[in-house]
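End of the sequence shown sits at 365 in my numbering; the numbers just go up one at a time, nothing left out. We put the beta carbon where it would ideally sit given N, CA and C, even for glycine. The structure appears below as structure tokens.
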Amino acid sequence: MDFTLTEAQGDLAGLARRILGDRVTPETLGQHGSGRLDRALWTEFGRAGLIDAALPAAVGGGGFGLLEQCSVLIELGRAVAPLPYLPTVTMAAAALAEFGRGEQLERWLIPALRGEKVFAVALPDVSVPPGFTAERSASGWRLSGTQTAVGVAADADAVLVPADTADGVAVFVLASDSPGLLVDPQRTVDRGDSALVTLAEAAVPDSALLGEPGAGVAEWLRLRGTVGLCAAQLGVLERALELTAAHARERRQFDAVIGSFQAVRQRLADAYADVEAVRLTLWQAAWLLSEAEPAAEEVATAKFWAAEAGHRVAHTAVHVHGGVGIDTEHEMHRYFVAAKRNEFALGGATAQLRELGGLLASSL
């Protein structure tokens, strides 16, 4: 396996970095965290071709896929940008392209290619059953349940909802104004978009069903969402380490730059090794998924490293920065809270090890 970035990956990442460098600043992000969804920036992403380029040509995209999406997500992580690329493109739009039918494509996917739609995905953590149930009714389905901390749900045009049915887990595409769908904004550590999604006996037509019950659509979403989350975490950690190394080269104590101290050098060296571990495991998992190969073990491994190494690198960055590292107005704070949110999203390190242990045991 050769994980050298392709020309397309490099081009998309470079374009994303240029746009984000111009548009995402401490002022636009606001204090403390990554900020709320920037619709204008999302539209600009669409006009620049960064949304449709990484989706299949059969649905009007540029013909690229998960590897290219991960390259864009790394740049979004580096900028801690308030954009819904992960749930909208890597998860929802890609799933619609893979499993969607004519009406769903016309209503949801085609506008999404232009940056006109935003999707949320109400997935539970790894190894946790869906928070929703669905029962057949005379007119389609009736859904009930809740899911907490659903990213961008408060600003989404539609929510993808996995639900337990008598025939297995099914995924439904629900418009944000669907009767019986309640979205209550929640406050997260990075001040980003998140919400509690509740369905109370919501009547849902058959046309909302994505794929078939028990066809593995929810697991398909989870695997790709987890890999995308690892890519965003890589960007966060990579940039946090760069900022920390720069600080260590400039900050002076005891008549020397702190980067010359052995203990500081050791912490930074360990952080560098951690970032490279996240990078390697991410690309291995992403490559397998892009080739339609089994990758559940590799995805769990990648998320373990994104969580465990993310914890270590984030804390190293704060410690080396000293007092300014805990200043909520300092740039480093945004990377710290972004890394912490990514650490636990879709299951933290312990949850991933349990998942990996179960997968290994079942293969014996």
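Assign residue i to one of two classes, buried (16 or more other C-beta atoms within 10 Å of its C-beta) or exposed (fewer than that).
{"i": "Gln254", "result": "exposed"}
{"i": "Ile259", "result": "buried"}
{"i": "His334", "result": "buried"}
{"i": "Glu344", "result": "buried"}
{"i": "Thr5", "result": "exposed"}
{"i": "Gly193", "result": "buried"}
{"i": "Glu202", "result": "exposed"}
{"i": "His248", "result": "buried"}
{"i": "Tyr327", "result": "Position check: residue 327 holds Ile in this sequence, whereas Tyr was assumed. Exposed, by the Cβ-count rule."}
{"i": "His320", "result": "exposed"}
{"i": "Asp256", "result": "exposed"}
{"i": "Pro163", "result": "buried"}
{"i": "Ala395", "result": "The structure shown has nothing for residue 395, since the chain only spans 2 to 365."}
{"i": "Thr89", "result": "buried"}
{"i": "Asp191", "result": "buried"}
{"i": "Val129", "result": "exposed"}
{"i": "Gln267", "result": "exposed"}
{"i": "Ser261", "result": "exposed"}
{"i": "Gly358", "result": "exposed"}
{"i": "Leu283", "result": "buried"}
{"i": "Leu365", "result": "exposed"}
{"i": "Arg240", "result": "buried"}
With H, G and I counted as helix, E and B as strand and the rest as coil, what does DSSP make of residue i?
{"i": "Phe133", "result": "strand"}
{"i": "Asp441", "result": "Any answer about residue 441 is impossible in this case: the structure gives the chain only from 2 up to 365."}
{"i": "Pro112", "result": "helix"}
{"i": "Val174", "result": "strand"}
{"i": "Phe120", "result": "strand"}
{"i": "Val160", "result": "strand"}
{"i": "Ala216", "result": "coil"}
{"i": "Gly326", "result": "helix"}
{"i": "Gln32", "result": "Bear in mind that the predicted position of Gln32 carries a pLDDT of just 48, short of 50, making it too unreliable to give a figure here."}
{"i": "Arg240", "result": "helix"}
{"i": "Leu279", "result": "It is worth fixing the name first, because residue 279 is Val in this sequence and not Leu. Helix, per DSSP."}
{"i": "Phe262", "result": "coil"}
{"i": "Gly104", "result": "Residue 104 is actually Glu in this sequence, not Gly. Glu104 falls in the helix class under three-state DSSP."}
{"i": "Asp271", "result": "helix"}
{"i": "Pro88", "result": "helix"}
{"i": "Ser291", "result": "helix"}
{"i": "Pro27", "result": "helix"}
{"i": "Thr317", "result": "helix"}
{"i": "Arg192", "result": "coil"}
{"i": "Thr5", "result": "coil"}
{"i": "Arg37", "result": "coil"}
Could you spell out where the beta strand (DSSP E) holding residue i opens and where it closes?
{"i": "Glu202", "result": "195 to 205"}
For residue i, list the residues DSSP reports as bridge partners.
{"i": "Gly141", "result": "Ser138"}
{"i": "Gln367", "result": "An answer regarding residue 367 cannot be provided, because it is not within the stretch 2 to 365 covered by the chain."}
{"i": "Thr166", "result": "Gly169"}
{"i": "Ala96", "result": "Ala96 is not bridged to any residue."}
{"i": "Ala257", "result": "Gln254"}
{"i": "Leu211", "result": "Val172"}
On the DSSP letters alone, give me the boundaries of the alpha helix (DSSP H) that residue i sits inside.
{"i": "Ile75", "result": "67 to 80"}
{"i": "Ala58", "result": "Premise fails: Ala58 is in no alpha helix (DSSP H) and is neither H nor E."}
{"i": "Glu45", "result": "40 to 48"}
{"i": "His334", "result": "332 to 345"}
{"i": "Leu51", "result": "Looking at the DSSP string, Leu51 is not in any alpha helix (DSSP H), and its letter there is neither H nor E."}
{"i": "Ala296", "result": "No alpha helix (DSSP H) contains Ala296, which DSSP labels as neither H nor E."}
{"i": "Arg355", "result": "350 to 363"}
{"i": "Leu16", "result": "8 to 24"}
List the whole-angstrom C-beta distance separating residue i from residue j, where the pair is believed to meet the contact cut-off of C-beta under 8 Å.
{"i": "Gln148", "j": "Val184", "result": "That belief does not hold up - the Cβ atoms of Gln148 and Val184 are roughly 11 Å apart, past 8 Å."}
{"i": "Ala95", "j": "Leu56", "result": "7 Å"}
{"i": "Pro214", "j": "Ala171", "result": "4 Å"}
{"i": "Leu38", "j": "Arg225", "result": "Actually they do not touch by this definition, with Cβ atoms about 21 Å apart."}
{"i": "Gly181", "j": "Ala204", "result": "7 Å"}
{"i": "Ala121", "j": "Val151", "result": "5 Å"}
{"i": "Leu360", "j": "Ala301", "result": "7 Å"}
{"i": "Leu200", "j": "Ser138", "result": "Not quite, the Cβ-Cβ distance comes to about 13 Å (not below 8 Å), so this is no contact."}
Does at least one heavy atom of the ligand ADP sit under 7 Å from the Cβ of residue i?
{"i": "Ala17", "result": "What this structure holds is no ligand at all, so the ligand ADP is not there to describe."}
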